[in-house]
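Scroll down for the structure; my scribbles are underneath it.
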Amino acid sequence: MTSGTPPSCPFVAGSKIEESWRFVGRKDELHTIASRMSGVQLTSVNVVDDKRIGKSSLLSHFSHTWEQRVLNPNRYVVIYLSLQDADCHTEEGFYQAVAEALVKPVSGWKLGLRNPLKAKPLHRQAFSDAI
Numbered sequence: 000m001t002s003g004t005p006p007s008c009p010f011v012a013g014s015k016i017e018e019s020w021r022f023v024g025r026k027d028e029l030h031t032i033a034s035r036m037s038g039v040q041l042t043s044v045n046v047v048d049d050k051r052i053g054k055s056s057l058l059s060h061f062s063h064t065w066e067q068r069v070l071n072p073n074r075y076v077v078i079y080l081s082l083q084d085a086d087c088h089t090e091e092g093f094y095q096a097v098a099e100a101l102v103k104p105v106s107g108w109k110l111g112l113r114n115p116l117k118a119k120p121l122h123r124q125a126f127s128d129a130i
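Using numbering that gives the first Met the number 0, read the sequence shown as starting at 0 and increasing by one per residue.
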């Protein structure tokens, strides 16, 4: 497919939806993520589906709108980290990418994370100690 030529299949997905106003649907999935996040017992949520079905768009949109979806948003922190963009080829690289994403929004309790998460190297134990 060349630039400017429409795809031959109308169902070919484009890139991740970055603007929230362009994101439509998936209300049930967004509700499920929010309800599991704010439930009494901590629950892991896995988003699994075929390639190019909208998983990244869903998670990116949730990361931008989660504060409107949960009660007491001050109890949580949500980050969106694309493992394709981050230097996550090593375990330490993964912890470093998560640490950098956690210290960006500086407010309230997050101030206490800033210095411990700057440890070098930021390996599993240093990350665990900081958190």
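Beta carbons are placed, not taken as given, at the ideal position from N, Cα and C, and that holds for glycine.
Here the structure is a predicted model, which means the values were calculated and not measured.
Query: Considering only C-alpha positions, which residue in the set Q124, A129, E28 is nearest to L101?; Result: A129
Query: Compare the Cα-Cα distances from D74 to each of V97, G38, K26 and report the closest residue.; Result: Just to set this straight, residue 74 is Arg in the shown sequence, not Asp. Of the candidates V97, G38, K26, the one whose C-alpha sits nearest the C-alpha of R74 is G38.
Query: Could you check which residue in R25, K50, V97 has the C-alpha nearest to that of L82?; Result: V97
Query: Can you list, in chain order, the residues of its chain whose CB lies under 7 Å from that of C87, leaving out five sequence neighbours each side?; Result: F93, A96
Query: Taking L70 as the reference, give the member of E99, A33, Q40, G53 with the closest Cα.; Result: A33
Query: CB V46 to CB R35, shorter than 8 Å?; Result: no
Query: Quick one: which unbroken alpha helix (DSSP H) runs of 4-plus residues sit fully inside the segment 40 to 109? Chain order, please.; Result: 54 to 64, 90 to 102
Query: Verify whether the separation of the beta carbon atoms of L121 and E91 is less than 8 Å.; Result: yes
Query: Between the alpha carbons of Y79 and W65, how many angstroms are there, rounded?; Result: 11 Å
Query: Using 10 angstroms around the beta-carbon of G24, count the other beta-carbons present and answer buried if the total reaches 16, otherwise exposed.; Result: exposed
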